[in-house]
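Undergrad:
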Amino acid sequence: MIEGDLTTDLVKACKKSMTGAVIIKHADRSSYGIPDLSITWQKATTWWEVKFFNNKPFNSPEQQEIMCQKLSTQGHCHYVIYKQQYAMRSILIVNPFHINEWDHAAVGAAAEFNHTWVAQFIHALHLNAASLLHLKGR
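Just so you know, numbering that gives the first Met the number 0 puts 126 at position 127 of the sequence shown, and the rest follows in order with no gaps.
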């Protein structure tokens with residue numbers, strides 16, 4: 000299993016959960032440092048960096064961490080960490096400012112590799128952002 004497979008499955012779940020969403024995968028050399036996914040739906044855009052932890056540290060380059068922190072400061076950006084330790088699987092959603100203590104600082108967590116749960120988390124985040132925009136008259 001690799002991050003690309005997890006990202007593909009997550010995109011499928013998001014398309015099912017958020018009909019009409021514009022989902023862009025930014026996974027190529029020209030987008031170095033930019034999170035893996037951007038999702039625009041309900042007049043909000045969120046950014047998502049997917050990582051896979053399999054009993055060894057994952058690579059999170061400094062440039063990527065800085066970009067994710069900047070995006071989080073001005074909008075919404077999170078890491079989605081798929082964690083596999085032996086037979087145990089879980090998903091953690093982590094704020095970029097807490098990536099160094101990701102295993103203890105998740106803003107959301109679920110058992111198994113439940114892509115639908117992540118898509119529902121993203122769905123709720125977009126609906127909350129849209130309701131805030133509505134209150135501001137945008």
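Heads up, the beta-carbon is just placed ideally off N, CA and C, and yes, glycines get one too. Given the structure is predicted, the values throughout are model-derived calculations rather than measurements.
Starting from S16 and walking both ways along the beta strand (DSSP E), at which residues does that stretch end?
TA: Taken as a continuous stretch (DSSP letters only), S16 belongs to no beta strand (DSSP E), being part of the alpha helix (DSSP H) at E2 to S16.
Undergrad: With distances taken from CA atoms, which of L5, I33, Q84 and A12 is nearest W116?
TA: A12
Undergrad: Tell me whether the beta-carbon of H97 lies closer than 8 Å to the beta-carbon of A104.
TA: yes
Undergrad: Could you give the C-beta distance for H75 and T39, rounded to a whole number, given that I count them as a contact under 8 Å?
TA: The pair is not a contact, with the Cβ atoms about 11 Å apart (cut-off 8 Å).
Undergrad: At what residues does the alpha helix (DSSP H) containing Q62 begin and finish?
TA: Segment E61 to Q73, the alpha helix (DSSP H) holding Q62.
Undergrad: Please return the same chain residues whose Cβ sits closer than 8 Å to the Cβ of I121, not counting the five positions on each side in sequence.
TA: C13, S16, M17, I38, T45 and W47
Undergrad: Can you give me the start and stop residues for the beta strand (DSSP E) that E111 sits inside?
TA: Neither: E111 is in no beta strand (DSSP E) and is coded neither H nor E.
Undergrad: At which residues does the beta strand (DSSP E) containing K24 begin and terminate?
TA: V21 to K24
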